[in-house]
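Below: one structure, written as structure tokens.
Numbering (the working numbering), first residue to last: 92 to 197.
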């Protein structure tokens, strides 16, 4: 039993490290504004085209950055969910007949 818990903890730490190493990106205005984040939902960088920045109004720029950030975070959430489903399935699969219980809740 303790071995299973230790394995689960180790797998969770591996997933977290993997998510931190995966980059996702959200962009708007044909890439003139890009937000880069990690798959563990941490914004790493905001890139704004210099010419676009000079001609853009402040309020529009703020809205576009928010849209790009949300796109990046949606990708991060999708990757995170996929990773967690894989770990959960692995854990439930290791519980023998109890693994079928996980299918009941999908």
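Every residue gets a Cβ at the ideal spot worked out from N, C-alpha and C, and that includes glycine. The structure displayed is predicted, hence computed values, not measured ones.
Go ahead and label residue i buried or exposed: buried means 16 or more other beta carbons lie within 10 angstroms of its beta carbon, across all protein chains shown.
| i | result |
| --- | --- |
| residue 115 | buried |
| residue 103 | exposed |
| residue 148 | exposed |
| residue 174 | buried |
What residue from the options has the CA that sits closest to residue i's CA?
| i | options | result |
| --- | --- | --- |
| residue 125 | 136, 132 and 170 | 136 |
| residue 110 | 96, 97, 128 and 120 | 128 |
| residue 140 | 156, 131 and 182 | 156 |
| residue 123 | 143, 148, 150 and 95 | 143 |
| residue 68 | 151, 131 and 181 | For residue 68 there is no data in the structure shown, the boundaries of the chain being 92 and 197. |
How would you write the range of the alpha helix (DSSP H) that residue i sits in, first residue to last?
| i | result |
| --- | --- |
| residue 128 | Here residue 128 belongs to no alpha helix (DSSP H); instead the beta strand (DSSP E) covers 124 to 129. |
Taking the straight line between their C-alpha atoms, what separation do you get for residue i and residue j?
| i | j | result |
| --- | --- | --- |
| residue 98 | residue 138 | 40 angstroms |
In the DSSP assignment, find the unbroken beta strand (DSSP E) run with residue i in it and report its ends.
| i | result |
| --- | --- |
| residue 136 | 134 to 139 |
Who are residue i's beta bridge partners in DSSP?
| i | result |
| --- | --- |
| residue 115 | 128 |
Report yes or no: is there a C-beta of chain B within less than 7 angstroms of the C-beta of residue i?
| i | result |
| --- | --- |
| residue 124 | Note that chain B does not occur in the displayed structure, where there is just one protein chain. |
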